[in-house]
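Residue 4 is where the sequence shown starts when you use my numbering, and the numbers rise one by one after that. We put the CB at the ideal spot given by N, CA and C, even for glycine.
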Amino acid sequence: MLETANVPNNQNDETKRLGDFGFAGDDHVIPFEVGPLDARGRVVALGPLLDSILGRHDYPEPVARLLAEAALVAVLLGSSLKFEGKFILQTRTDGPVDMLVADFTTPGSLRAYARFDADRLEALVAAGETGSETLLGNGVLALTIDQGEYTQRYQGIVELNGTTLQEAAHTYFRQSEQIPTEIRLQVARLVRPGQGEVWRAGGLIAQFLPESPERMRTGDLHGGDGAPDVEEQVDDAWREVQALAATIEPAELIDPTIEPERLLYRLFHEHGVRVFPGTPVADECSCSRERIRGILEGFSAEEIVESTEDGKISVACEFCSKSYDFDAAEFLKAN
Numbered sequence: 004m005l006e007t008a009n010v011p012n013n014q015n016d017e018t019k020r021l022g023d024f025g026f027a028g029d030d031h032v033i034p035f036e037v038g039p040l041d042a043r044g045r046v047v048a049l050g051p052l053l054d055s056i057l058g059r060h061d062y063p064e065p066v067a068r069l070l071a072e073a074a075l076v077a078v079l080l081g082s083s084l085k086f087e088g089k090f091i092l093q094t095r096t097d098g099p100v101d102m103l104v105a106d107f108t109t110p111g112s113l114r115a116y117a118r119f120d121a122d123r124l125e126a127l128v129a130a131g132e133t134g135s136e137t138l139l140g141n142g143v144l145a146l147t148i149d150q151g152e153y154t155q156r157y158q159g160i161v162e163l164n165g166t167t168l169q170e171a172a173h174t175y176f177r178q179s180e181q182i183p184t185e186i187r188l189q190v191a192r193l194v195r196p197g198q199g200e201v202w203r204a205g206g207l208i209a210q211f212l213p214e215s216p217e218r219m220r221t222g223d224l225h226g227g228d229g230a231p232d233v234e235e236q237v238d239d240a241w242r243e244v245q246a247l248a249a250t251i252e253p254a255e256l257i258d259p260t261i262e263p264e265r266l267l268y269r270l271f272h273e274h275g276v277r278v279f280p281g282t283p284v285a286d287e288c289s290c291s292r293e294r295i296r297g298i299l300e301g302f303s304a305e306e307i308v309e310s311t312e313d314g315k316i317s318v319a320c321e322f323c324s325k326s327y328d329f330d331a332a333e334f335l336k337a338n
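Okay, structure coming up:
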């Protein structure tokens with residue numbers, strides 16, 4: 004059974020339907036709930052949004068795939084925030100792709116950026132060693148929640164030691180949040196008629212959230228450093244969610260003909276899945292001339308001089324590639 008909640012009635016005639024159900028489409032986060040299994044989660048399919056972000060920088064394919072995964076994780080986790088704020092995913096590692104940044108601003112703005120060593124990357128590509136573990140190397144994954152200027156940031160740190168982003172996200176929930184969690188990610192570059200090659204990515208997060216806290220203390224939670232091994236005890240409901248999530252085929256997450264709602268129905272229809280209206284996600288950067296001006300006003304006279312070329316200061320946003328030019332004289336007068 005597929006149940007919808009608060010679906011708007013103003014859908015146009017072109018909206019695809021399953022019975023009376025309207026599909027949210029690409030670039031939407033779709034929350035869901037499977038009451039009998041005490042599971043809640045979100046599913047997302049990124050299409051034009053992702054293609055725009057990756058195409059803007061013309062990243063090499065291995066880098067684009069990694070950044071797409073980072074964007075998926077940021078959307079899946081950041082869309083759970085119930086307040087105005089920002090969720091920031093950032094890696095710092097010793098691999099050829101030494102930094103990934105993806106931040107999600109509520110209710111639905113995403114931007115992402117990757118930094119890489121072109122020479123090291125080229126050597127690995129030539130050797131056929133393009134696994135994410137090799138490209139990332141060793142370092143850390145930081146997941147930060149920022150509620151604004153007058154609040155304290157919350158940050159969780161996970162080691163990246165030959166692990167994928169999906170594995171690191173699982174580790175974060177086991178060790179920091181202690182919520183049984185399943186995450187599935189898939190990225191692909193597809194050939195679409197009339198469009199050529201386009202990037203797509205899909206992801207799903209499911210979490211075990213029963214009303215009784217004792218039921219959440221399952222055997223997949225880490226006991227902490229030095230904790231003795233204990234016999235695995237997994238709630239039957241959560242065990243079934245894990246088993247169903249394991250049946251997801253990679254193609255189901257990125258196939259444009261398989262809407263996320265259809266996937267949820269396929270997974271959970273025997274238990275009854277409640278699907279909520281999707282929230283759109285947009286390719287939007289938070290940079291602005293005013294914000295950059297404020298940063299430059301904090302520079303010393305010496306820093307202004309060092310940043311000046313031909314009488315002006317040029318600043319390019321690493322996320323959206325937009326360039327801003329300022330007259331250096333106005334900042335020298337202020338200093």
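Taking a cut-off of 8 Å on C-beta distances, the stretch 37 to 47 touches the stretch 201 to 211, as three or more cross pairs fall below it. Between the stretch 289 to 309 and the stretch 255 to 274 there are fewer than three inter-stretch CB-CB distances shorter than 8 Å, so the stretches are not counted as touching. Beta-bridge partners of M102 (DSSP): R95 and R118. Residue state for D328 is assigned as strand, using DSSP reduced to three classes. It is roughly 30 Å from the alpha-carbon of R192 to the alpha-carbon of H272. A residue is called buried once 16 or more other Cβ atoms fall within 10 Å of its Cβ, and D120, having fewer, is exposed. Check the Cα spacing between Y157 and each of L124, E180 and A246: the tightest is with E180. Taking the CA atoms as reference points, V244 sits about 48 Å from V318.
Residue state for Y62 is assigned as coil, using DSSP reduced to three classes. Annotation for E162: V143 place their beta carbon closer than 7 Å to its own, counting only its chain and skipping 5 residues before and after. Classified as exposed, D330 has fewer than 16 neighbouring CB atoms from the shown chains inside 10 Å of its CB.
The C-beta separation of T108 from K85 comes to about 14 Å, leaving the pair out of contact by the 8 Å criterion. Y175 is a Cβ neighbour of L146, given a cutoff of 8 Å.
Under DSSP, the beta-bridge partners assigned to K89 are T108 and D149. Cβ-Cβ separation between E287 and S112: approximately 4 Å, consistent with a contact (criterion under 8 Å). Counting along the chain, T184 sits inside the beta strand (DSSP E) bounded by residues T184 to R195. The beta carbon of E321 sits closer than 6 Å to the beta carbons of Y116 from its chain, once the five residues preceding and following it are set aside; these are given in chain order. Residue pairing by DSSP puts D286 in a beta bridge opposite L113.
Taking each of I307, G314, F279 and L299 in turn and checking the Cα distance to V32, the smallest one comes out for F279. Boundaries of the alpha helix (DSSP H) around I298: R292 to E300. Within the model, the alpha-carbon separation for H60 versus V284 is close to 20 Å. Nearest to I316 by alpha-carbon distance, out of L188, D328 and A105, is D328.
Here T260 is exposed: its Cβ has fewer than 16 other Cβ atoms, across all protein chains shown, within 10 Å.
With 16 or more neighbouring CB atoms inside 10 Å of its own CB, Q189 falls in the buried class.
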